[in-house]
Amino acid sequence: MINFITRMVMVCKGYINSLTKEDLIPLIIPGSMLLFSNCGLKVALLMWIWVIMTSGFFFGAISLNGAHHHPEIFHDGDAPRVDKDWGLSQLDTVRDRPAICKNLLLALTNFGHHGLHHMFPTVDHSILPQLYPVFRKTCEEFNVHFPPFTVLEGYKGQFLQLIRNEPNSIPPGETAKNN
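At position 6 of the sequence shown the residue is numbered 49 (the numbering used here), and the sequence of numbers has no breaks.
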C-alpha cells in the first residue's frame, strides 16, 4: 500500500514513467464498487479503506498467533533436534490449540489442526480430524510428545517469542535435564 501511494505521488509530480499496469491492481475493488453500486467516490474510497483496515487487522491478529510463535516452538537459530526426521521437524515448528480445532470454521480461519496440516498439507481441513487417532497412536509408538496450547498460551507465547533475544539451546524433544 505504501509503495502504491509513493508511486502515485511520483506520478502526480510528473514522473509518469514510474507507473506500471500492476499499480492499477489495488484499484480493482474501489473501481468495482463505483461501477456496480450507486455509491459515490467518497463512499467507495471510505469502504475500500475500511475493508483493507479490518482485513489487515484480522490477518495480523490471526497470523501472529497461528501456533508458530512461542518460545517452546522451534525457530530459525534454535538448536535443532539430533534426529533430522522431516515429520518431527514439522511438528517442532507448530502447536495445536484444541479450542480452535473443535469448530470447522475456526479451524479453517485460525490455522486449526496445525500439526496435521503440516504433516498432510494437501488434505482438506474438514478431513484432518479423522486422522487424529492414527496420529496420536503413531506419536505414542515413537515416543513423540506434541503438547497442545490453549489460545491464551498462544497469544502470550507470541509476545514472549517477540522479546526473546537468545536462541533456544535445548533441541526440541529434549529437556534441560537430558543435557
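Think of the CB as a built atom: it goes at the ideal place given N, C-alpha and C, for glycine as much as any other residue. This structure is a prediction, so every number in the text was calculated from the model and none was measured.
Please name the residue in the options whose C-alpha comes closest to that of residue i.
i	options	result
H113	N208, E217, F202, E209	F202
L89	F163, G103, N46, L70	L70
L67	M51, G57, Y58, C55	M51
G200	F101, H188, F117	F117
G158	V194, L148, L171	L171
H188	Y198, E115, E196, L148	E115
For residue i versus residue j, is the C-beta distance shorter than 8 Å?
i	j	result
W93	I72	no
P215	D119	no
F192	R140	yes
Q133	H161	yes
M76	A87	yes
Rounded to whole angstroms, what's the CA-CA distance from residue i to residue j? Just pull it up for me.
i	j	result
N146	L174	16 Å
S212	T152	33 Å
G155	V166	13 Å
I143	F163	18 Å
V54	N46	12 Å
G109	Q204	13 Å
E217	D121	13 Å
I105	E183	30 Å
R138	F100	23 Å
F79	S98	22 Å
L84	G57	24 Å
N222	L131	Reliability fails at N222, whose pLDDT of 48 lies under 50, so the model's placement of it is uncertain and no value is given.
K180	N186	10 Å
L62	L148	40 Å
G197	G103	14 Å
D126	L195	31 Å
I48	G74	17 Å
E65	I59	14 Å
Got a sec, what are the start and stop residues for the alpha helix (DSSP H) residue i sits in?
i	result
A142	141-144
R124	Premise fails: R124 is in no alpha helix (DSSP H) and is neither H nor E.
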